[in-house]
Amino acid sequence: MNSLTDVLDGRWGDIRRDIRAQVADAKFREPIGLGVEEHCAQVLEQLQELAKTGRPRLGFPEEYGGSGDIGGSVVSFEMLGLGDLSLMVKAGVQWGLFGGAVELLGTREHHERLLRPIMDLDLPGCFAMTESGHGSDVQHLRTTATYDPDAREFVVETPDAGARKDYIGNAARDGRMAVVFAQLVTKGESRGVHAFLVPIRDEDGNPMPGVRIEDCGPKAGLNGVDNGRLWFDRVRIPRTSLLNRYGDVAEDGTYSSPIESDGRRFFTMLGTLVRGRISVAGSAGSATKRALTIAVRYGEKRRQFRRPGETDEVVVLDYLAHQRKLLPALATTYALHFAQEELVASLHELQSGGEPDEIRQRELESRAAGLKAVSTWHATSTIQAAREACGGAGYLAENILPALKADTDVFTTFEGDNTVLLQLVAKGLLTSYKDQFQDLSPLATARFVAEQFVGAVIERTAARKVVERIIDASPGRDDDDVLFDRAWQLKLFEDREAHVLDGVARRLRQATEENAFEVFNAAQDHVLRAGRVHVDRMVLEAFVAAVDRCEDGETKDLLSRVCDLYVLANIEADRAWFLEHGRLTSPRGKAVVAAVNDLCRELRPHARTLVDAFAIPEQFLSAPIISE
């Protein structure tokens with residue numbers, strides 16, 4: 001169904017089609033059976049091929065040879081996720097993290113000198129943020145960059161074992177320069193974490209003086225990415241190596257910044273790097289689509305057991321249990337796809353103009369954090385379900401699913417640990433972003449929540465106008481039909497979110513100066529719950545808006561039923577909460593289960609259509625179990 005593919009391809013459909021054609025080249029073959037060094041070499045060759053196409057220039061500024069298409073750049077990374085995820089990650093490190101940091105944290109001098117060689121892969125680089133001792137708590141990294149005014153240089157130092165840079169992509173083999181995040185110290189005072197350009201290898205590939213590099217060793221997956229560790233022993237770099245958009249040091253050591261608050265400056269710096277988090281969510285979605293396509297195609301071929309009195313065995317996808325294993329997950333994959341499209345569009349609009357509005361920027365960061373968490377958790381569970389749906393054959397490397405499992409596993413913790421990210425979502429739901437809240441002090445957080453939570457409002461995403469129109473126009477339905485009433489579904493998700501948020505506020509009001517940490521810590525389960533139900537509502541609204549703008553009647557009807565399955569499977573999974581809080585009666589709770597079964601049976605004939613609409617290049621679906 002080409003019209004369904006067109007709906008999925010959306011605003012950046014031309015880019016999606018171009019990349020599908022491009023990666024069909026034999027150069028982008030699967031890495032099955034390769035050793036680690038062979039795999040790394042193949043990925044580097046593929047990265048060089050990508051550089052030749054000019055595709056990496058998409059998201060960079062036009063004045064430096066880029067195209068200025070930020071949304072298209074993120075979509076490009078997402079599309080790479082349909083193939084070898086090592087290539088997607090290495091490309092993301094080079095052009096998303098390393099190049100993105102230089103562009104977004106640096107100034108004109110850095111841009112003029114570095115962006116073209118970065119885009120063309122003449123300067124391979126890495127993004128050295130994570131340390132052995134600090135991953136999520138980036139604000140307390142221990143690497144230091146101390147300014148020496150006599151030499152007009154920074155001295156970069158790894159003070160202890162916990163401060164070594166760890167799991168750094170592109171560091172172990174290919175990177176020549178790193179963006180190193182370190183505590184900036186000048187005139188005896190630490191000014192917080194800043195980013196510095198530090199050469200780590202010379203032109204011949206040898207470590208620079210004072211730089212020690214070590215391979216992290218074999219990993220569970222993504223072995224085409226050369227993850228490494230970095231130590232710095234009093235490495236001297238020029239003063240101009242500081243990426244100084246948000247903070248600068250004069251020759252005499254005087255520090256200056258357009259943002260006075262250290263905490264606000266830190267979060268502003270991190271916020272500019274949100275593209276990476278959005279790209280991970282999209283790539284997780286691509287891997288999930290690939291796994292579901294394999295599992296559904298296999299489910300239509302594989303036969304087991306006979307009906308009484310018949311000679312032909314039953315196609316396994318005709319079993320309700322098999323449908324339940326795959327089709328609700330497929331519906332959620334569609335829902336997350338449309339939420340991702342809306343998020344990418346918001347990113348594009350926000351970062352394509354001048355200085356972004358601070359509140360809109362914080363809202364974007366919150367949505368990106370939530371969608372990344374939910375998308376990557378969904379990938380982990382769905383790829384496992386797809387593997388199980390293919391039985392023992394799904395465990396063979398040649399059938400792709402084991403690599404998808406291994407490669408996506410780390411997605412739940414890199415570019416932000418998912419549990420931490422959902423807490424950021426709950427924080428981002430507040431209507432104000434006061435400085436007192438940015439320091440993450442438990443007492444300040446608790447007091448601010450207690451005072452301001454009553455002002456929390458439903459976030460005005462791009463889909464809200466459509467949602468409000470549907471709710472306002474709803475005439476109401478008889479009880480027998482209410483489960484499929486879109487307005488009822490939307491109101492139910494909104495009501496759940498509002499109730500959970502109100503509960504968080506009431507718990508946090510107990511905080512005092514003496515017990516602030518304990519109260520906040522004791523409420524973490526509730527905070528995480530608030531983040532999750534917010535994302536669920538946001539995803540549903542994006543799906544509803546996508547159905548609404550679909551112009552082809554047949555496609556719209558099919559998408560509407562897929563949306564119903566997403567909603568009702570979500571309600572079924574959370575049935576205990578809805579029953580406990582009086583949002584569902586016991587009979588209606590049972591009706592939800594029956595409705596999910598009915599929708600699975602109804603969508604069974606369309607399962608192949610739904611996965612084929614992803615338009616994954618056949619080269620990436622070469623699993624023998626689904627060969628015709």
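Counting from 1, one number per residue, gives the positions in the sequence shown under the working numbering. Cβ atoms here follow ideal geometry from the backbone N, Cα and C, with glycine treated the same way.
Sub-8 Å separation of residue i and residue j beta-carbons
i	j	result
L421	A369	yes
T380	D357	no
A569	A331	yes
G65	L58	no
A339	L292	no
F493	D536	yes
R387	L401	yes
L336	A389	no
V193	V274	no
L82	S261	no
G416	R277	yes
V567	L559	no
L87	V43	yes
V296	V611	yes
G68	I15	no
R604	Q423	no
Chain-order list of residues whose beta-carbon lies under 6 Å from that of residue i (same chain, five-residue window excluded)
i	result
T5	A613, A615
D84	P31
R164	S132, T158, R229, W231
G125	F98, G175, M177
S366	V425, G428
G10	E341
E459	At E459 the pLDDT is 49, less than 50, meaning the model places this residue with poor confidence; the figure from the coordinates comes in the next sentence. Nothing meets the Cβ criterion.
Spatial neighbours of residue i in its chain, beta-carbon cut-off 8 Å, leaving aside the 5 residues before and after
i	result
R507	V519, A522, A523, H526
R235	This sequence places Val at residue 235; Arg is not what is there. Taken in chain order, the residues that qualify are V155, V156, E157, V198, M208, P209, G210, V211.
D25	E49
D202	R176, M208
K27	E45, Q46, E49
For residue i, three-class secondary structure by DSSP
i	result
D14	helix
R176	coil
F614	coil
R549	helix
A397	helix
P605	helix
D215	strand
V225	coil
A182	strand
E203	coil
S190	strand
R29	coil
A151	coil
E415	coil
A171	coil
D137	coil
F77	helix
Cutoff 7 Å; reference residue i; Cβ partners in own chain excluding five residues on either side
i	result
S173	The residue asked about is misnamed: residue 173 is Arg in this sequence, not Ser. C40, D226, listed in sequence order.
V482	W488
T288	T333, H378, A379, T382, I383
K187	G253
V93	C126, F127, G169, N170
Q675	Any property of residue 675 remains undetermined from this structure, which presents the chain solely from 1 to 628.
A220	A406, D409
G13	D6
R55	S76
F620	L82, G83, R290
Whole-number beta carbon distance between residue j and residue i, since they are thought to touch under 8 Å
i	j	result
Y298	L105	Y298 to L105, Cβ: 46 Å. No contact.
D166	T144	Not a contact, Cβ separation roughly 17 Å.
A250	V179	Not confirmed; about 22 Å, so no contact.
R601	L320	7 Å
T376	V280	7 Å
R265	S256	Wrong, their Cβ atoms sit about 11 Å apart, outside the cutoff.
P617	R20	5 Å
F181	A195	5 Å
Residue i CB to nearest heavy atom of the ligand PLP below 7 Å
i	result
L44	As far as ligands go, the structure on display features none, and thus does not contain the ligand PLP.
Length-filtered (4 minimum) alpha helix (DSSP H) runs lying within the stretch 351-392: 358-389
Ordered list of alpha helix (DSSP H) runs contained in the stretch 236-296, each at least 4 residues: 262-271
Every unbroken alpha helix (DSSP H) inside the stretch 314-357 [4 residues or more]: 320-352
4-residue-minimum alpha helix (DSSP H) runs that sit fully inside the stretch 512-594, ordered along the chain: 516-522, 524-549, 553-573, 575-580
Complete runs of the alpha helix (DSSP H) confined to the stretch 480-514 [at least 4 residues]: 486-508
Alpha helix (DSSP H) runs wholly inside the stretch 75-123, at least 4 long, in chain order: 85-91, 99-105, 108-119
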